[in-house]
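These protein sequence lines map, in sequence, to chains A and B. With the first letter of the first sequence counted as 1, position 100 gets the number 100 in UniProt numbering; the numbers rise by one all the way through. With the first letter of the second sequence counted as 1, position 1 gets the number 1 in UniProt numbering; the numbers rise by one all the way through. Written out below as structure tokens is the structure these notes cover.
There are 2 protein chains.
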Amino acid sequence: MVQRAANTPIRFGLLPELIGYRLRLAQLAVFKDFCEHVGGAEMTPTLFGVLALVEANPGMTQAQLAEAIQLDRSSIVSILDKLEARGLVERRRAPNNRRSNALRLTADGEALVAELLPEVHAHEQRLVRHLDADEQKTLRALLDKVISVTS
Amino acid sequence: MVQRAANTPIRFGLLPELIGYRLRLAQLAVFKDFCEHVGGAEMTPTLFGVLALVEANPGMTQAQLAEAIQLDRSSIVSILDKLEARGLVERRRAPNNRRSNALRLTADGEALVAELLPEVHAHEQRLVRHLDADEQKTLRALLDKVISVTS
DNA sequence: TATTGTTATACTCTATAACTATA
DNA sequence: TATAGTTATAGAGTATAACAATA
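Have a look at this one:
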């Protein structure tokens, strides 16, 4: 046989055995649902993550943000440029250490997060809609065990 | 307070509630471990995925590959160029449909997959090293339920 | 007309290295 | 000297649109 018949189902070989493969598929599903249902085309999981982190840590620095979200300091710059241009985040010079910026959400930023929260929770509910409460708890715990591999 | 104290631990706000956030962290951990331990710098989960798919489906077309790995046909081209340049994959003109290429691993490609298999399995063992057999099975099943959200 | 692979192109995301201002 | 933010730049990865060959 030189070529597979067009109607033959594709075999996934050893991929389905691999946790990493399933994680990638799960993340694709999450990303797709988020982008379709949360905040319109200008919102992404990463941007929302930055907003959530700055909200939870008013006055945090860009270096702290970079570490928290696991990106290089230089990558944070354009993300904040974007959010600042939309009037969602503010960079104030930190008075006690004038090398740093103290980050905070603007009133508009706070309002946007508040507005997105129901959409994020609806998104979350769709993701786990085939899992009961116990299973959700279990999934979180098991993912934590995988995450702890790096540390 | 204008700026967080440098020693104050960062709060992650609502992110830890979100399955999508945990999935992203888990995938970062997987990707990092894979790239550090499987095959050297020229191997990535995506390239390995292509090799595994072509191995499991000798004669498959690029369009089938694109669908299986969820990329655009045009994105497959440069991936195959790379693998073909390394002598791992072969594009033969399909005789029964001369628009298509029939993809297969070369002998070197087969040998590389065989060589990487132990490394991939060791990688896999590290990922799930804090999970017992039951938990591994549960994690796979729960991830499948999340993945099924898109379909 | 539709499909397959390809090309040209552009966009997004990310990192590295070098710079500045501050410490 | 070291750190925080920035800039310039480059690389990887991806998609869209248009094209030639084939169906």
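Idealized CB from N, CA, C, for every residue including glycine.
Using only CA atoms, which one of the options lies nearest to residue i?
{"i": "Gln83 of chain B", "options": "B:Ala94, B:Ser100, B:Thr46", "result": "One point to set straight first is that residue 83 of chain B is Leu, not Gln, in the sequence displayed. When only C-alpha atoms are compared, the closest one is B:Thr46."}
{"i": "residue 162 of chain B", "options": "B:Gln62, B:Asn96, B:Glu115", "result": "Only positions 1 to 151 of chain B appear in this structure, which leaves residue 162 of chain B out of reach."}
{"i": "Lys145 of chain A", "options": "B:Val30, B:Arg93, B:Asp81, B:Leu14", "result": "B:Val30"}
{"i": "Leu14 of chain A", "options": "B:Phe48, B:Tyr21, B:Leu14, B:Leu15", "result": "B:Phe48"}
{"i": "Ala94 of chain A", "options": "A:Ala56, A:Asp132, A:Met60", "result": "A:Met60"}
Hey, how far is the Cα of residue i from the Cα of residue j?
{"i": "Ser75 of chain A", "j": "Ser74 of chain B", "result": "28 Å"}
{"i": "Glu42 of chain A", "j": "Leu117 of chain A", "result": "16 Å"}
{"i": "Phe12 of chain A", "j": "Ala52 of chain B", "result": "8 Å"}
{"i": "Met1 of chain A", "j": "Glu36 of chain B", "result": "With a pLDDT of 43 at Met1 of chain A, under the threshold of 50, the modelled position of this residue cannot be trusted; read the value that follows with caution. Their Cα atoms are separated by approximately 38 Å."}
{"i": "Leu88 of chain B", "j": "Ser148 of chain A", "result": "34 Å"}
{"i": "Leu65 of chain B", "j": "Glu17 of chain A", "result": "19 Å"}
{"i": "residue 161 of chain B", "j": "Ala107 of chain B", "result": "There is simply no residue 161 of chain B to check, as chain B begins at 1 and stops at 151 in what is shown."}
{"i": "His130 of chain B", "j": "Asp134 of chain A", "result": "20 Å"}
{"i": "Ala26 of chain B", "j": "Asp72 of chain A", "result": "19 Å"}
{"i": "Leu58 of chain B", "j": "Arg92 of chain B", "result": "The amino acid at residue 58 of chain B is misidentified as Leu; the sequence shows Pro. Rounded to the nearest angstrom, the two C-alpha atoms are 11 Å apart."}
{"i": "Glu119 of chain B", "j": "Glu110 of chain A", "result": "47 Å"}
{"i": "Arg126 of chain A", "j": "Ala85 of chain B", "result": "43 Å"}
{"i": "His121 of chain A", "j": "Asp81 of chain B", "result": "43 Å"}
{"i": "Ala56 of chain B", "j": "Thr44 of chain B", "result": "18 Å"}
Starting from residue i, find everything on chain B with Cβ-Cβ shorter than 7 Å and list it in chain order.
{"i": "Gln27 of chain A", "result": "Leu23, Arg24, Gln27"}
{"i": "Ala52 of chain A", "result": "Gly13, Leu14, Leu15"}
{"i": "Met43 of chain A", "result": "Those do not exist, as Met43 of chain A stays about 13 Å from chain B at its closest Cβ, beyond 7 Å."}
Do residue j and residue i count as a contact pair if the criterion is CB distance below 8 Å?
{"i": "Val128 of chain A", "j": "Ile19 of chain B", "result": "yes"}
{"i": "Gln70 of chain A", "j": "Leu23 of chain B", "result": "no"}
{"i": "Glu90 of chain B", "j": "Arg99 of chain B", "result": "no"}
{"i": "His123 of chain A", "j": "Val54 of chain A", "result": "no"}
{"i": "Leu142 of chain B", "j": "Leu139 of chain A", "result": "yes"}
{"i": "Ala68 of chain B", "j": "Ile79 of chain A", "result": "no"}
Name the chain A residues whose beta carbon is nearer than 7 Å to that of residue i?
{"i": "His130 of chain B", "result": "Lys145, Ser148"}
Name the chain A residues that come within less than 8 Å of residue i, Cβ to Cβ?
{"i": "Gln68 of chain B", "result": "The displayed chain sequence assigns Ala, not Gln, to residue 68 of chain B. Correct list: Ile10, Phe12."}
{"i": "Lys32 of chain B", "result": "Thr150"}
{"i": "Arg126 of chain B", "result": "Val149"}
{"i": "Ala133 of chain B", "result": "Those do not exist, as Ala133 of chain B stays about 13 Å from chain A at its closest Cβ, beyond 8 Å."}
{"i": "Glu90 of chain B", "result": "Going along chain A, no residue has its Cβ under 8 Å from Glu90 of chain B, so there is no contact; the nearest lies around 12 Å."}
Quick one: which chain B residues come within Cβ less than 8 Å of residue i?
{"i": "Gly49 of chain A", "result": "Leu15, Tyr21"}
{"i": "Thr138 of chain A", "result": "Thr138, Leu142"}
{"i": "Pro118 of chain A", "result": "Correct list: empty, because the minimum Cβ distance to chain B is about 12 Å."}
{"i": "Leu18 of chain A", "result": "Val120, Glu124"}
Does the beta-carbon of residue i have 16 or more other beta-carbons within 10 angstroms, so that it is buried, or is it exposed?
{"i": "Gly40 of chain B", "result": "exposed"}
{"i": "Asp33 of chain B", "result": "buried"}
{"i": "Asn97 of chain A", "result": "exposed"}
{"i": "Ala114 of chain A", "result": "exposed"}
{"i": "Lys137 of chain B", "result": "exposed"}
Kindly list, in the order they appear in chain A, the residues whose Cβ is closer than 9 Å to that of residue i.
{"i": "Leu112 of chain B", "result": "Ordered by position in chain A, no residue passes the 9 Å Cβ test against Leu112 of chain B, which lies about 14 Å from the chain."}
{"i": "Ala56 of chain B", "result": "Ile10, Arg11, Phe12, Gly13, Leu14, Leu15"}
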